[in-house]
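Spelled out as C-alpha cells, the structure:
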C-alpha cells in the first residue's frame, strides 16, 4: 500500500462524519413533535366520544320500591277447618186444605117443612069456608111442628159450622208446626247410653241363643223322626277311639271346627260420626307420675296429641286431657313390662268418660316398658351368704372331737340347714322391679265407641 492520501476516501469519511453529527439532532427534534401530535389526537378522540355519548339520553332502569304490610285479607298459612256441607233440608209439601164448603141445609128436612106448609095452606083455605075447631087445632099443631123443625135445622147448621171451624184450626196448627220444624236448628240426637247399649246387646244375644237352641232341638227332633235307623248311645264312640289311636284328636277337632256354621252379624250405621270416636282408636299420652312394680297403685297421664271424630270434622279429645288409671304390682322373672289399666278420661270441658282400656307403649304393644331392676345382688348374694353360714356350721360340727358335742353340733347344723333352704328359696324367687319414669310415652286403645258432645 502507498502512503499517498486518497481524496475519494477522505470525502467519504468526511461525509460520514457529517452524517453522524446531524442525525441525532433531527431525531431529537422529531420525538417531541410526534408526542404532541399523539396527545392531540387522543384529546380529539375523547372530545368526539364525549359529544356522541352526551347526545343520547340515559334511560333509567326500573327499581323495586317497598310497600306497606298488607293488613287486609286472611292470615298467612291459616287453613280453614273442613266444614262439611249442610244436610239438605227436608222438603215440606204443604197441602192446602179444601175450601170450607158452605153449610147446606138438610133436603129432607126442607121437604118436610114444605109439605107441612102446604098442609097448613090447605087447612087455612078449608077453614075460610067453614069454622072447625079441630082444623084450628091441627093448624096450630102443624105450625108448632114447623117452628121446632126450623129450630132443629138451625142447631144442626151451627154444629156443622163449629165442626168446620175446629177442623180449620187443627189444619192451621199442623201447618205452623211444620214451619217451625223446618226453620228450627238441627239438634243432634244423642245416642244410647252405655247401659242401654249393653242391655240391648245382652237381650239380642239371649234371644239369638234361644232361637239357635230351639232350631237345633227342632232339627234334632226332625232327624230322629225321619231317621230309618235305631241308634244306641254309649260312653265312647268309634270315631273318638280311632282319633285317639291315630293321635289326631286335636287335629281332627281343628279341621272339623273350620266347617262349623258362623253367625251372621248385621251391619250397624254410625248415628253421629262427627261426635263418635270408634273402638280401636289410639290415644297418645305421656306419663305424669312415676311408678314401679313393687306395689300396686294409681297413676296418671296427659294426652299429648289431639284426637278427632270418626269423620275427622271435630276435635273431641284435645291435648292436655288427663287419663286416670292403675298399675299392677309384681313381675315374673324375665318380665320387662308393667300392666296399666286406664279407667277414666277427663276433658278440659269438664266432661268425664269411663274407660276399661289397656295401656301400651308408643307402638301399641301391651304393657309399658321401663328400667328393669333384676335384683341380682339381692338374690344371689343373700343366697351365697346363707350357704356360707350353713357350711361354716357343718364344718364346725365335723371338727368336734367329743362324741356328745359332735352329735349336738350335727343336730344344730341340720336344723340350720333346713331353715336356710327355705330362706334361700325365697331369695332366689324374687322377681324383678320395673321402674317407669315420668314423661314416658304411652298409648291407650279405646275399647268401646265413645260419643262426645262438645259445645
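In the working numbering, the protein residues as written are 829 to 1283.
Just so you know, even glycine gets a beta-carbon here, dropped at the ideal spot from N, CA and C.
So residue 1277 is in the beta strand (DSSP E); what residue range does that whole segment cover?
The residue given as residue 1277 occupies position 449 in the chain shown. Following the DSSP letters along the chain, one finds residue 1277 in no beta strand (DSSP E), marked with neither H nor E.
Compute the beta-carbon to beta-carbon distance between residue 1111 and residue 1251, rounded to the nearest angstrom, for a pair I have assumed lies under 8 Å.
On the chain shown, residue 1111 is found 283 positions in, with the first residue counted as 1. On the chain shown, residue 1251 is found 423 positions in, with the first residue counted as 1. Your pair residue 1111 and residue 1251 does not check out as a contact, with CB atoms roughly 46 Å apart and the cut at 8 Å.
Nearest-angstrom Cα distance between residue 1179 and residue 1281?
Translated into positions along the chain shown, residue 1179 becomes position 351. Translated into positions along the chain shown, residue 1281 becomes position 453. Using only the alpha carbons, I get a separation of about 9 Å.
Return the Cβ separation of residue 1127 and residue 1266 in integer angstroms, given the expectation that the two are a contact with Cβ distance under 8 Å.
As a working mapping, residue 1127 is identified with position 299 in the chain shown. As a working mapping, residue 1266 is identified with position 438 in the chain shown. Contact between residue 1127 and residue 1266 fails: their C-beta atoms lie close to 10 Å from each other, not under 8 Å.
For residue 1060, count neighbouring Cβ atoms within 10 angstroms of its own Cβ and tell me buried if that reaches 16, exposed if not.
In the chain shown, counting from the first residue as 1, residue 1060 sits at position 232. Interpretation of residue 1060 is limited by its pLDDT of 46, a score under 50 that renders its predicted location unreliable; the figure taken from the coordinates is listed afterwards. Taking a 10 Å sphere around the C-beta of residue 1060, we find fewer than 16 other C-beta atoms and assign the residue as exposed.
Give the secondary structure of residue 1169 by DSSP, where H, G and I count as helix, E and B as strand, and everything else as coil.
Start at 1 with the first residue of the chain shown, and residue 1169 comes out as number 341. Correct three-state label for residue 1169: strand.
Closest Cα partner of residue 1121 within the set 1259, 1002, 1153
The residue given as residue 1121 occupies position 293 in the chain shown. Measuring C-alpha to C-alpha distances from residue 1121 to each of 1259, 1002, 1153 identifies 1259 as the nearest.
Locate the beta strand (DSSP E) running through residue 1184, then write down its first and last residues.
The residue given as residue 1184 occupies position 356 in the chain shown. Residues 1180-1188.
Cβ neighbour criterion (16 or more within 10 Å) applied to residue 1198
The residue you call residue 1198 lines up with position 370 of the chain shown. Looking at its Cβ environment, which holds 16 or more other Cβ atoms inside 10 Å, residue 1198 is buried.
If contacts are defined as beta-carbon pairs under 8 Å, then residue 1083 and residue 1138 qualify, I think. What distance do you get, rounded to the angstrom?
Taking the chain shown and counting its residues from 1, the one referred to as residue 1083 is at position 255. Taking the chain shown and counting its residues from 1, the one referred to as residue 1138 is at position 310. That pair is no contact at about 40 Å.
Measuring only the C-alpha atoms, how far is residue 1032 from residue 1133?
Reading the chain shown from its first residue, position 204 is the one you call residue 1032. Reading the chain shown from its first residue, position 305 is the one you call residue 1133. Annotation: residue 1032 to residue 1133 spans about 37 Å, alpha carbon to alpha carbon.
Residues of its chain near residue 1142, where Cβ-Cβ distance is below 6 Å and the 5 sequence neighbours each way are ignored
The count along the chain shown starts at 1 and reaches residue 1142 at position 314. Scanning its chain for C-beta atoms nearer than 6 Å, with the 5 sequence neighbours on each side dropped, one finds around residue 1142 the residues 1102, in chain order.
Since residue 1176 sits in a beta bridge, which residues does DSSP pair it with?
Reading the chain shown from its first residue, position 348 is the one you call residue 1176. BP columns for residue 1176 are empty, so no partner.
Since residue 941 and residue 978 should fall inside the 8 Å C-beta cutoff, what is the C-beta to C-beta distance between them, to a whole number of angstroms?
By one-based count along the chain shown, residue 941 stands at place 113. By one-based count along the chain shown, residue 978 stands at place 150. Right, the Cβ-Cβ distance comes to about 7 Å (below 8 Å), so this counts as a contact.
Straight-line gap, residue 1113 to residue 1181 (C-alpha atoms, nearest Å)
Within the chain shown, numbered from 1, the residue matching residue 1113 stands at position 285. Within the chain shown, numbered from 1, the residue matching residue 1181 stands at position 353. One C-alpha to the other measures close to 16 Å.
Determine the DSSP secondary structure at residue 1120, reduced to helix, strand or coil.
By one-based count along the chain shown, residue 1120 stands at place 292. The three-state reading of DSSP puts residue 1120 in strand, counting E and B together.
Bridge partners - residue 1106, DSSP secondary structure assignment:
Position 278 of the chain shown holds residue 1106. In the DSSP assignment, no residue is bridged to residue 1106.
Terminal residues of the continuous beta strand (DSSP E) containing residue 1159?
Here residue 1159 corresponds to residue number 331 of the chain shown, with the count starting at 1. Run containing residue 1159: none; DSSP gives neither H nor E here.
What is the rounded straight-line gap between the Cα of residue 1185 and the Cα of residue 1256?
As a position in the chain shown, residue 1185 is number 357, starting the count at 1. As a position in the chain shown, residue 1256 is number 428, starting the count at 1. The C-alpha of residue 1185 lies about 34 Å from the C-alpha of residue 1256.
Starting from residue 1125, follow the beta strand (DSSP E) in both directions and report where the run begins and ends.
The count along the chain shown starts at 1 and reaches residue 1125 at position 297. Per DSSP, the unbroken beta strand (DSSP E) holding residue 1125 starts and ends at 1125-1131.
Using the rule of at least 16 other Cβ atoms within 10 Å of the residue's Cβ for burial, across every protein chain shown, is residue 1004 buried or exposed?
Mapped onto the chain shown, residue 1004 falls at position 176. Residue 1004 sits exposed, since fewer than 16 C-beta atoms from the chains shown fall within 10 Å of its C-beta.
Determine the burial state of residue 1089: buried for a count of at least 16 other Cβ atoms within 10 Å of its Cβ, exposed for fewer.
Here residue 1089 refers to the residue found at position 261 when the chain shown is read from its first residue. Under a 10 Å Cβ-count criterion, residue 1089 is classified as exposed, with fewer than 16 other Cβ atoms of the shown protein chains found around its own Cβ.
Look up residue 864 in the DSSP assignment and say whether it is helix, strand or coil.
Numbered from its first residue, the chain shown carries residue 864 at position 36. Residue 864 falls in the helix class under three-state DSSP.
Cβ-based burial, residue 1105 [other Cβ within 10 Å; buried from 16]
As a position in the chain shown, residue 1105 is number 277, starting the count at 1. Residue 1105 should be labelled buried.
Any idea what DSSP makes of residue 1197, helix, strand or coil?
The residue given as residue 1197 occupies position 369 in the chain shown. Strand.
Using the Cα positions of residue 1167 and residue 1213, report the straight-line distance between them to the nearest angstrom.
For this step, residue 1167 is matched to residue 339 along the chain shown. For this step, residue 1213 is matched to residue 385 along the chain shown. Roughly 34 Å between the two C-alpha positions.
Residue 1034 in three-state terms, based on DSSP
As a position in the chain shown, residue 1034 is number 206, starting the count at 1. Correct three-state label for residue 1034: helix.
Residue span of the beta strand (DSSP E) that contains residue 1261, given as start and end
Start at 1 with the first residue of the chain shown, and residue 1261 comes out as number 433. Looking at the DSSP string, the run of the beta strand (DSSP E) that includes residue 1261 is 1261-1264.
With 16 other Cβ atoms within 10 Å as the buried cut-off, status of residue 1192:
Looking up residue 1192 in the chain shown gives position 364. Exposed is the call here.
Specify the secondary structure class of residue 1092 as computed by DSSP and reduced to three states.
On the chain shown, residue 1092 is found 264 positions in, with the first residue counted as 1. Of the three classes helix, strand and coil, the one that applies to residue 1092 here is coil, per DSSP.
Identify every residue that forms a DSSP beta bridge with residue 1143.
Here residue 1143 refers to the residue found at position 315 when the chain shown is read from its first residue. Partner residues in the beta bridge of residue 1143, as assigned by DSSP, are 1136.
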